[in-house]
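Engineer:
Protein chains in written order, with the working numbering: chain A, 99 to 279; chain B, 13 to 111.
1. Per DSSP, residue 102(B) forms a beta bridge with which residues?
2. Would the segment 93 to 100 of chain B count as touching the segment 56 to 63 of chain B if we require 3 or more Cβ pairs under 8 Å?
3. Measure from the C-beta of residue 261(A) to each C-beta in chain B and report whether the shortest distance is under 8 Å.
4. Which residues mark the beginning and the end of the alpha helix (DSSP H) in which residue 161(A) is found?
5. Tell me whether residue 269(A) sits in a helix, a strand or coil according to DSSP, three-state version.
6. When the cut-off is 8 Å and only beta carbons count, does residue 232(A) lie next to chain B?
7. For a contact defined as C-beta to C-beta under 7 Å, what are the partners of residue 51(B) on chain A?
8. Would residue 173(A) pass as a contact of residue 40(B) if the rule is Cβ separation under 8 Å?
9. At the 8 Å Cβ level, is residue 38(B) part of the contact set with chain A, yes or no?
10. Should the segment 43 to 57 of chain B be regarded as contacting the segment 72 to 79 of chain B, the criterion being three or more beta carbon pairs within less than 8 Å?
11. With 16 other CB atoms within 10 Å as the buried threshold, where does residue 275(A) fall?
12. Quick one: does residue 108(B) have its CB under 8 Å from some CB of chain A?
13. Between residue 143(A) and the rest of its own chain, which residues show a CB-CB distance below 7 Å, the 5 nearest in sequence each way excluded?
14. Taking the C-alpha atoms as reference points, what is the distance between residue 121(A) and residue 133(A)?
15. Just list the residues that DSSP pairs residue 152(A) with in beta bridges.
16. Are the Cβ atoms of residue 79(B) and residue 261(A) separated by less than 8 Å?
17. Using 8 Å as the limit for Cβ to Cβ distance, is residue 268(A) near chain B?
18. Which same chain residues, not among the five before or five after residue 21(B), have their C-beta less than 8 Å away from its C-beta?
19. List, in chain order, every chain A residue whose beta-carbon is nearer than 7 Å to that of residue 91(B).
20. If we ignore side chains and look at the alpha-carbon of each, how far apart do residue 89(B) and residue 272(A) end up?
21. List the residues of chain B whose Cβ lies closer than 9 Å to the Cβ of residue 202(A), in chain order.
22. Would you kindly check if the distance between the Cβ of residue 255(A) and the Cβ of residue 247(A) is under 8 Å?
23. Please return the same chain residues whose Cβ sits closer than 6 Å to the Cβ of residue 231(A), not counting the five positions on each side in sequence.
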């Protein structure tokens, strides 16, 4: 694998993204967890740019960092959450079970990926993705995505807007009043 | 950059998300871990879209984002409602279907 700009940026984003994701699940304060998740999301946006998907990267930043994480931080501050208490029952047992389960999952995924993309020495493993070929840069352009969304995927697009409407109404109704017991 | 590197990275991010759901007790952090898993799958979609020179992966990512946004709105409203009722967001203290 030749050292080029793509490789360097990939390594940088990978290290930042993985570290921030780990810190997110390990930090005791939910506000810091949310901020580390935002760092991970920015690293992911970097990957999208590397993969010639500038529209997805922009929407990702706007929707996740701009809307979803603000909502998360707003709810955390609204509920005035403290740090997780240190003492809890069955902490070690749960950590052991979680670690074992995640390790099993990672081995499964690793075997699948290794079987399909690393052992085959043909073009599947050798072909590079996201290089600045002229055609692949044009594929992910906003124009093409917009055309596809409003022609081939028009019905899913409209259903998505309906889903968002239902989500808004549901959120307002759920959060509005005190649930009576 | 071979496709396999993106797939491995995405798998590790997904695994971190699963670990977060299993390890944490705070419902909001569990929710953030679910978001992380959704994003790991999105990365796989975009990597395959670039690999196959096909737009459909990116369009699917668009719809995943729509579903994630709706899910976050409803889920956080649920957490707020539960907090008003039970004064806690720790999932091991919310273990009764009726009270």
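Just so you know, even glycine gets a beta-carbon here, dropped at the ideal spot from N, CA and C.
Structural biologist: Walking through what the data contain:
1. 38(B)
2. no
3. Residue contact check for residue 261(A) against chain B: a CB pair falls below 8 Å.
4. Counting along the chain, residue 161(A) falls outside any alpha helix (DSSP H), and DSSP gives it neither H nor E.
5. If DSSP states are grouped into helix, strand and coil, residue 269(A) belongs with the helices.
6. Since pLDDT at residue 232(A) reaches only 49, below the 50 mark, its modelled position is unreliable, and the value read off the structure follows with that caveat. Taking Cβ atoms only, chain B never reaches closer than 8 Å to residue 232(A), which makes this a no.
7. 139, 142
8. yes
9. yes
10. Because the criterion of three Cβ pairs below 8 Å is met, the segment 43 to 57 of chain B and the segment 72 to 79 of chain B touch.
11. The residue is exposed, with fewer than 16 neighbouring Cβ atoms inside 10 Å.
12. no
13. 155, 158, 159
14. 10 Å
15. For residue 152(A), which the question treats as bridged, DSSP gives no partner whatsoever.
16. yes
17. yes
18. 55
19. When 7 Å is used as the limit between beta carbons, residue 91(B) is near these residues of chain A: 173, in chain order.
20. 6 Å
21. None at all; the shortest Cβ gap to chain B is about 10 Å.
22. yes
23. Only weak support exists for where residue 231(A) lies, its pLDDT of 48 falling under 50; the coordinates are left without a value.
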